[in-house]
Structure formats: C-alpha cells, structure tokens
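End of the sequence shown sits at 875 in my numbering; the numbers just go up one at a time, nothing left out.
The next block holds one structure in the form of structure tokens; read it before the comments.
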Amino acid sequence: MAGSPLRVLPPADLQRLLDAVPVPLFVKNAQGEVLFLNQAWRNTLALGDTPLAPHAEAAFFTPAQMAHFAAQDRTAFTQGHAISNEDLVWRADAVHRRMHTTLAPIFDATGAPQYLVGTTQDITEQRHLEQQARSERKLLEMLASQAKLSDIMHSFIRDFEATFPDVQCSVLLLDDDGLHLRHGAAPSLPAAYCAALDGAAIGPNVGSCGTAAYTGRDVLVADIANNPLWEHYRDLALGYGLRACWSIPIRSSQGQTLGTFGNYYRHVRSPSEAELGAIQRSAYLLGLAIERDRHAQKLEAHRRALEDGGRYRQAILDSMVDGLLTIDPQGQILTHNNAAAAMLGLSALSTPHGHLSDWLASATDIPTLLAEIDAQEAGGKTLEARARRPGGPSFPVSLSFSKIPNASQQSYVVLLRDITQQRQDEEEIRRLAFYDPLTGLPNRRLLLDRVRHAMTSAARLQQHGALMFLDLDHFKLLNDTLGHDVGDELLQQVAARLRSCVRESDSVARLGGDEFVVLLEGLPPLASEAATQAEAVAHKILDTLSQPYNLRQHSYSSTPSIGIVVFMQDVEGMDELLKKADVAMYQAKAAGRNTARFFDPVMQAAVATHAELAKEIRRGLQRHEFVLHYQVQVDQQGHSLGAEALVRWQHPTRGLVAPGQFIGLAEETGMILPLGQWVLETACVQLHAWSQQPATAHWTLAVNVSASQLAQADFIDNVGQALRQSGAPAAQLKLEITESMLVNDMEDLIHKMVSIQALGVGFSLDDFGTGYSSLSYLKRLPLSQLKIDQSFVRDVLTDPSDAVIARTVVALGHSLGLQVIAEGVESAAQRDALAGMGCDAFQGYFLGRPESAQDLAARALPDPLDLAPGR
C-alpha cells in the first residue's frame with residue numbers, strides 16, 4: 005500500500021483535489037464500498053452535500069441496479085482494463101437520467117484488486133435529441149404513407165415516453181363544436197382516467213389540458229394537489245397517482261387550436277428547458293398529423309358526395325379545399341372545381357383547358373400513367389410534381405389519379421393538393437433538428453458537423469482553426485432572481501452580440517443553458533499568429549458581452565469566461581477538442597472570470613506576453629515613460645522651419661523603444677487614444693515654449709494623429725483644449741493625417757478638418773502617393789501641405805518611376821496651392837534633386853535625426869545651414 009496513489013495525500017486533501025476535477029468521479033475499494041466521490045458526481049446525481057456511507061447508494065438505486073453495478077465492478081477487475089457502460093438511473097431528486105460510466109481497475113503489487121476509479125457523463129440530452137430525431141422521422145414517414153391518425157398518435161407517444169421514461173402522455177382532440185375535448189391517444193395512462201376526461205368541457209380551472217385548450221397557452225402545473233386550476237379534477241388525478249401535468253396546445257398551420265398534448269408525472273416537478281422544447285416540438289408535429297387527418301376526412305366526405313351525385317354535385321366539389329379535375333385517357337382536362345381553378349389559374353368551365361401536362365412544370369407521361377391505372381383492378385396512382393400558374397412561379401403539388409367507374413365516357417378524377425405548406429413544415433422540422441429554438445443559433449448536432457468540416461479543411465489547406473467555449477458568469481443567479489423568461493432574453497441578446505463579433509465564415513452555436521461555442525476558421529498557418537488572432541476575437545467578445553444589457557427595464561451586467569483551443573487537423577477527435585476548450589474555460593473561471601484562457605500552454609504564454617506588453621503601455625502612460633523627440637524641417641535655403649513630433653517609449657528595462665514596436669498594439673487595444681492625446685498636449689506645450697524664444701518663435705510643429713482619434717466625436721474639442729491650456733499659437737500647429745484615413749466617412753472627416761482649421765490649425769497629408777488618392781477629395785480637404793513619402797525619396801536618384809512620382813506630387817501640390825515637403829532625405833544628392841523639382845521643404849537623417857527639444861533648439865542658428873541646392 006505504500007506505493008498506492010490514494011495514500012500519497014491525506015483523505016481531506018485528496019477529497020479537495022477530486023472536487024476540483026469538473027468531471028464526475030468516484031473511487032471504490034475491491035469490496036464495492038465507495039471511498040471517495042467528488043462534487044461534480046454529487047451534482048450530477050443531485051446529492052447535495054449529504055454524507056454517504058460506503059453502501060449508501062442503495063438508498064436511491066434499486067436492488068436490481070445495485071446487482072448490475074456490482075457485476076460491472078467485477079467485470080472491470082476480471083478483464084483487467086477500463087470498461088464503459090450506459091445505464092438509466094434515478095437521481096436523488098427523482099429524475100431519470102441516462103449515464104455513461106467508465107470504470108478503471110487498479111491492482112496492488114501482487115496483482116490483487118485494490119481500487120476502482122469511475123467517471124460518469126450525463127448523456128441524457130444527447131440521447132433525447134437522437135430519439136426525438138428518430139421519432140420525428142418516423143412520424144413524417146407515417147404521414148407520407150397515409151397511416152391512420154390513431155396509429156400515428158399512439159406510435160409517437162410511445163416513442164416520446166421511451167425518450168422520457170417517467171412521463172405518461174395523452175393527446176386530447178378538440179371537438180367540432182370547439183368546446184369539448186375528446187380522447188385521442190394515451191397508451192400508458194389508466195383507461196378509466198381517460199374515459200373520465202373524454203368529452204370534458206374546456207375552460208378555466210378544468211385541469212391543465214382543459215385550461216390550455218381554453219386559453220391557447222402552455223399550462224405547466226408542477227403540483228396538482230395545490231394548484232387551483234385542478235379544483236374540479238384534483239381528486240380524480242390524485243386517485244390515479246398523478247401529481248404533475250404539463251399541457252401544450254396543439255395548433256394548426258393557421259394557429260387554430262386542434263387539441264392538447266399532456267405530460268403527466270407521478271411526482272411533483274417542473275419541466276426543464278430541454279423537456280419544454282421537446283414537448284413544444286412534439287405538439288407542433290402532432291398538429292401536422294391532426295391537420296392532415298382532418299383534410300383527409302374532408303376529402304373522404306367530398307369523395308362520397310361525388311359518388312352520390314345529385315344537384316349539389318358541383319357546389320360540393322367547389323367547397324373542397326383541394327383541387328379536383330376530370331380528364332380523358334389522353335390527359336385532356338374536362339372539368340374542374342373552384343379550388344383547381346384558383347390553384348392553376350384556369351378560366352371558366354365552358355372554356356377548353358388543354359392537356360394536364362400543360363399545367364405541370366415537371367415532365368409527366370399522363371397517358372402512360374392512366375393506362376397503368378386501367379390495368380389495375382382497383383385503386384389509383386399518387387405522385388408529386390411541380391405545377392405552374394400563368395405568370396407565377398412553380399409550386400409543389402400532390403396528384404392523386406383514380407378511374408371514374410360506370411361513367412358514360414372513360415374518364416378519370418385527379419385530386420390536386422398544394423403541398424407548399426407541407427414542404428415548409430418539413431423544412432421547419434429540419435430547422436428544429438439543427439438549430440436552437442431560443443436563439444436561432446446552430447445546436448450541438450450542427451456544430452459537430454461544422455467542426456468536422458473545419459478540421460478537414462484546416463488539414464488540407466494547412467491553416468489553423470480555433471474553438472472557443474463560452475460560459476456566462478453567474479447566469480444561474482439571474483434565473484433565480486429575475487426568472488427564466490428574463491434569462492432567456494439575456495441568452496437571445498448574448499447570441500446576437502456573439503454573431504456581431506465574428507466573420508460570416510465563422511460559426512456561433514449554443515450547446516444549451518448558458519454555454520456557447522465559437523468556431524473560427526481560416527486562421528494563419530503559423531500557430532502563434534493564429535493564437536493572436538483568436539485572442540483578439542476573444543477580447544472583442546469579452547468587451548462586447550460585458551456591456552450592460554437592458555432586460556425588461558432592468559440594467560444587467562454579465563461577463564463570460566472563455567476557453568480557447570487552436571487546431572490544424574483532426575488529431576484527437578471532435579469530442580476531445582470540445583473537452584479541451586471546456587477545460588480551458590474552467591481555467592478562465594479559476595483565473596477570476598471575465599477572461600479567456602488557451603488550452604495550449606505555449607500559445608497561452610504567447611498571448612500572455614502580448615497582453616503584458618499592452619499592460620506595460622498603460623502603465624507607461626501612468627508613469628510618464630513616453631517622451632517626444634523632434635526632427636527638424638528646413639526650406640531650400642537651409643533655414644529651420646520647425647519640426648515633426650515623434651513619440652518614443654523610455655522603457656525602464658528595455659531602454660528607448662521605437663514606435664514601430666508599440667504603436668500597432670496601442671491601436672489594437674485602444675490605448676492610442678490616451679497616448680495620442682498626450683502627444684498632442686505635450687507637443688503644444690513645447691510649441692508654446694519655442695514661440696517665446698526669438699530664435700524659434702517662427703517654428704511650426706507637425707503632430708501625427710491616428711484614425712481612431714479622428715473618429716472621436718469630441719476630437720475638435722480635444723484640439724481646442726490642448727491649444728488653450730498650453731497657450732501654443734494655433735497657426736504654427738500642423739496636424740498630419742495619412743491617405744488611409746480618406747477611405748472612411750469623408751463627410752465627417754471634412755467637417756472636423758474645417759472646424760479645426762477655423763481655430764487656425766493647418767493640415768498636412770502624410771505618406772502621399774502610397775494609399776487612397778482622389779483629386780476630387782484633395783480639392784475638398786482643407787490642406788496646407790503634402791508630404792512625399794520616403795519610399796519615393798529613397799530611390800529618387802536611381803528609379804525613374806519614383807522620380808516621376810515625386811515630380812508629379814510637387815506639381816500637383818503647387819497646382820492646389822499647397823506646400824510640398826519630402827521626408828526621408830538621407831543625402832545631399834537627394835535633397836538637390838528634389839529641390840530641382842521645386843520641392844519646398846525637406847526632412848530626414850541628412851538634415852537631422854530625431855532629438856530632444858533642447859538639442860533641436862540649438863540648431864536654430866542665426867545663419868542658415870549650408871543646404872542650398874547644388875552646393
């Protein structure tokens with residue numbers, strides 16, 4: 005026993021360790037006694053914190069189940085390896101659950117059985133969905149095969165009760181008078197109870213079903229003994245051991261109440277979200293069957309009326325919902341009723357109507373079909389086709405052909421039914437099978453299919469994908485305090501916000517409860533880049549979901565915890581991928597909630613480094629670690645005109661950090677706004693200081709502004725405030741914008757520039773020639789200067805194309821009345837060539853590197869620098 009893993013830790017520490025595991029887990033000894041079980045196992049079986057004796061499970065498992073479990077334990081020890089089983093068990097709260105259990109035996113050094121470690125997974129919802137899908141397919145097949153309504157209802161209820169073992173169901177049909185309920189089907193309820201309800205009047209306080217039929221609303225009674233709706237039927241129900249009843253109205257496609265679908269339980273309880281959704285879907289499907297049967301009954305009545313003949317023959321035919329035609333053996337239309345006329349756009353009875361094939365969009369050999377009917381002793385033929393009406397689209401129809409017996413001339417009757425609604429209903433059934441009814445998001449079944457496709461695609465294209473598992477923090481508290489309907493509204497708003505955070509090619513799914521999954525596809529091949537992109541999306545989701553929600557006049561704040569796993573190919577399977585994302589999500593919760601965590605430790609480290617740099621930028625602003633350097637700008641005679649302000653980061657450990665290493669991250673995190681405002685205010689303070697010195701009083705100062713700053717609604721006020729507080733001369737301040745900003749809201753940009761120009765501030769268009777350019781926009785912008793990008797200046801002496809571009813920029817600027825300055829000038833030859841083109845001013849390392857304000861002021865000599873062209 006010394007080497008036993010269960011002896012390494014004290015029992016209390018081991019219990020705490022097991023409780024930290026999110027998977028339900030228990031440990032038995034070789035005699036089948038429970039030694040340890042974790043909190044997740046207790047939660048799964050609704051045990052709470054009640055202490056358990058070694059064989060205390062006998063209190064809620066039947067003797068047969070106990071014997072079955074003991075046999076499984078022996079099998080695991082006998083086979084010597086892990087085994088898996090699936091069992092239907094009662095939880096401590098009297099709810100049936102389907103459990104998948106894995107048992108792993110542990111032997112001591114002599115090979116004798118020592119311990120048995122078991123893990124349990126609740127697969128009830130998965131099995132429910134599978135059974136419901138099978139039941140729905142079976143119902144549709146029975147509808148297609150023209151099965152009897154009683155058989156359909158009986159079969160459907162049996163399947164539903166097999167899915168939810170402790171329920172007893174009934175279908176009650178609303179009578180023709182719309183005031184009484186008649187027995188439809190209830191295979192497992194006591195016959196005497198069903199007989200007592202047969203013919204009951206609907207109304208308030210007549211039980212769940214009578215009230216649901218009367219109000220047209222769901223009636224969910226958790227405790228019959230204490231609910232006033234059961235005042236007149238309470239003794240009847242309790243006498244048969246029925247304690248709870250949930251009833252859903254069954255409606256037609258037009259919204260009319262056809263009956264009720266009741267679910268009885270022999271213990272007090274309320275429906276879960278999954279159970280209520282299943283009941284509502286079942287009521288919808290039963291409505292299809294009942295409505296089809298009523299149409300069939302009407303058809304049968306019409307058929308009998310047709311056989312009886314008489315003076316009302318045509319009136320009866322015209323009262324039919326379905327179309328009716330008579331045709332000759334060649335398919336020529338002889339007569340029709342009003343429904344057929346409306347359906348196909350036929351004219352008056354006396355008008356020839358042509359061949360039936362003329363009204364069908366799909367090819368059908370009518371004469372051959374009729375010959376086959378003639379060869380039969382009885383019966384007819386039914387087929388589906390697409391019909392068309394003049395000037396309208398085609399639509400699906402069902403055609404039923406039968407021979408008219410004893411007619412004066414050989415002819416046939418054709419029943420024509422528009423099945424557009426039926427097809428739409430079938431599509432709705434498919435939608436219910438693959439989408440969450442509350443949020444409209446893909447459900448688990450569709451998500452797994454998309455994950456499978458994403459894995460295959462990622463492996464083929466050598467790209468990464470990412471799976472994010474989201475859980476809303478403290479969602480249960482919201483449900484408990486404000487109610488499940490408010491919780492549902494939050495889930496719907498969360499779903500909408502999640503959709504707004506991802507691309508159209510990505511997927512957002514709801515697994516159930518407050519659990520969501522985001523699937524990202526097409527991420528970069530490099531794992532670190534893929535992780536960075538996934539982390540950016542996760543932070544966008546965190547920020548978006550953390551904004552307050554308006555829930556029925558309540559302002560509510562909610563945060564998510566996100567687990568992320570990045571993948572490239574199907575190495576371990578979809579379930580394992582979801583499990584890893586789930587584990588990472590619990591790591592996020594353990595880290596304090598409202599955060600995201602990667603499963604991959606390497607990726608998590610990369611993201612952490614990225615996040616740490618973002619924090620350092622924020623701290624750097626608070627600690628005044630950023631400084632401004634200034635690069636001189638001169639005219640053709642070498643006189644100093646001023647400078648451009650360039651931000652640097654004086655990092656305490658990394659030294660002086662260039663802007664290329666932090667500006668992009670500042671843009672990404674939004675820190676560019678406070679940083680940009682600090683640059684503007686600091687530059688204005690320096691401009692005011694220079695304006696007080698004779699040698700530098702005429703200097704201008706150029707300050708770069710970002711697209712994010714320009715997008716601020718209060719940017720005009722920010723510029724005005726910086727000028728007022730510093731006392732800087734507005735006419736000597738120049739704001740530099742880039743061409744890339746011109747692709748956004750041009751009207752808003754022009755408005756802000758004109759308003760700032762009214763303060764006296766000038767504008768320079770930076771990096772001109774590298775991005776978006778439109779002469780019409782340039783003419784509208786209140787610019788005072790164009791700056792030739794250094795990429796053209798660099799090769800102006802060696803690349804004829806760059807020389808032409810530089811000359812064109814100078815000519816264009818002068819034609820618009822703008823000053824032109826070249827940046828990146830690194831040699832006298834470059835300066836001379838640009839001066840020869842007429843360039844007005846220059847900036848670059850040849851003239852002066854970025855330096856402190858004090859060093860730059862020393863360059864303001866009384867005599868111009870020897871920078872004239874040709875010298």
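Each residue gets a CB set at the ideal place from its N, CA and C atoms; glycine is no exception.
For residue i, the three-state DSSP class (helix, strand or coil)
i: C249; result: strand
i: Y197; result: helix
i: P786; result: coil
i: N331; result: Sequence inspection shows Ile at residue 331; the Asn mentioned does not correspond to that position. If DSSP states are grouped into helix, strand and coil, I331 belongs with the strands.
i: D112; result: coil
i: R556; result: coil
i: P698; result: helix
i: S831; result: coil
i: T339; result: strand
i: V800; result: coil
i: S139; result: helix
i: A872; result: Residue placement at A872 is flagged as unreliable, the pLDDT there being 38, under the threshold of 50; a coordinate-derived value is accordingly withheld.
i: L51; result: coil
i: G731; result: coil
i: D422; result: strand
i: Q118; result: strand
i: K152; result: coil
i: E629; result: coil
i: Q69; result: helix
With 16 other Cβ atoms within 10 Å as the buried cut-off, status of residue i
i: S4; result: The shown model of the chain, from 5 to 875, leaves out residue 4, and the question about it has no answer.
i: S192; result: exposed
i: K738; result: buried
i: Y849; result: exposed
i: G358; result: exposed
i: D870; result: The pLDDT assigned to D870 is 45, lower than 50, so where the model puts this residue is not dependable; a value taken from the coordinates is nonetheless given after this. Looking at its Cβ environment, which holds fewer than 16 other Cβ atoms inside 10 Å, D870 is exposed.
i: R556; result: exposed
i: A343; result: buried
i: G624; result: buried
i: R514; result: buried
i: F111; result: exposed
i: A216; result: buried
i: G646; result: buried
i: T48; result: buried
i: G188; result: buried
Counterpart residues of residue i in DSSP-defined beta bridges
i: A513; result: V521
i: K900; result: Because the chain in this structure spans residues 5 to 875, residue 900 falls outside the shown range and cannot be described.
i: R623; result: Per DSSP, none; premise fails for R623.
i: V813; result: Note: V813 sits in no beta bridge, so no partner.
i: E388; result: S402
i: E743; result: In DSSP, E743 forms no bridge with anything.
i: T264; result: L176, P253
i: F571; result: G469
i: L29; result: T123
i: L92; result: R102
i: V824; result: L790
i: V38; result: K32
i: F910; result: Within the shown structure, residues of the chain are numbered from 5 to 875, placing residue 910 beyond reach of any answer.
i: F719; result: The partner list for F719 (beta bridge, DSSP) is empty, contrary to what the question assumes.
i: I87; result: L107
i: H359; result: Q336
Residue i beta carbon near the ligand SAH (any heavy atom closer than 7 Å)
i: A826; result: Ligands displayed in this structure: none; no statement on the ligand SAH is therefore possible.
| task | Please determine if the stretch 590-605 and the stretch 632-643 are in contact, where contact requires at least 3 C-beta pairs separated by less than 8 Å. | result | no
| said: Taking contact to mean 3 or more Cβ pairs, one atom from each stretch, closer than 8 Å, check whether the stretch 787-804 and the stretch 764-772 are in contact. | reply: The stretch 787-804 vs the stretch 764-772: in contact.
| query | Going along the chain, which unbroken runs of the beta strand (DSSP E) with 3 or more residues stay wholly within the stretch 631-691? | reply | 644-655, 659-661
| task | Could you tell me whether the stretch 117-125 touches the stretch 135-153, where touching means 3 or more Cβ pairs closer than 8 Å? | result | no
| said: In chain order, what are the residue ranges of uninterrupted beta strand (DSSP E) at least 3 long that sit wholly in the stretch 464-507? | reply: 468-476
| Contact between the stretch 364-377 and the stretch 328-338: three or more CB pairs below 8 Å? | yes
| request: Please go through the stretch 181-241 and give each complete beta strand (DSSP E) segment of 3 or more residues, from N-terminal end onward. | output: Within the stretch 181-241, the complete beta strand (DSSP E) runs of at least 3 residues are 184-189, 223-225.
| said: Does the stretch 232-249 come into contact with the stretch 284-296, if we say contact requires no fewer than three beta-carbon pairs (one atom in each stretch) closer than 8 Å? | reply: Too few Cβ pairs lie closer than 8 Å, so no.
| query | Is it true that the stretch 716-735 meets the stretch 675-692, where meeting means three or more beta-carbon pairs spaced less than 8 Å apart? | reply | yes
| said: For the pair the stretch 412-421 and the stretch 471-487, tell me if three or more CB-CB distances fall below 8 Å. | reply: no
| task | Could I get the ranges of all uninterrupted beta strand (DSSP E) runs contained in the stretch 438-462, with 3 residues as the minimum, in chain order? | result | Entirely contained in the stretch 438-462, not one beta strand (DSSP E) run reaches 3 residues.
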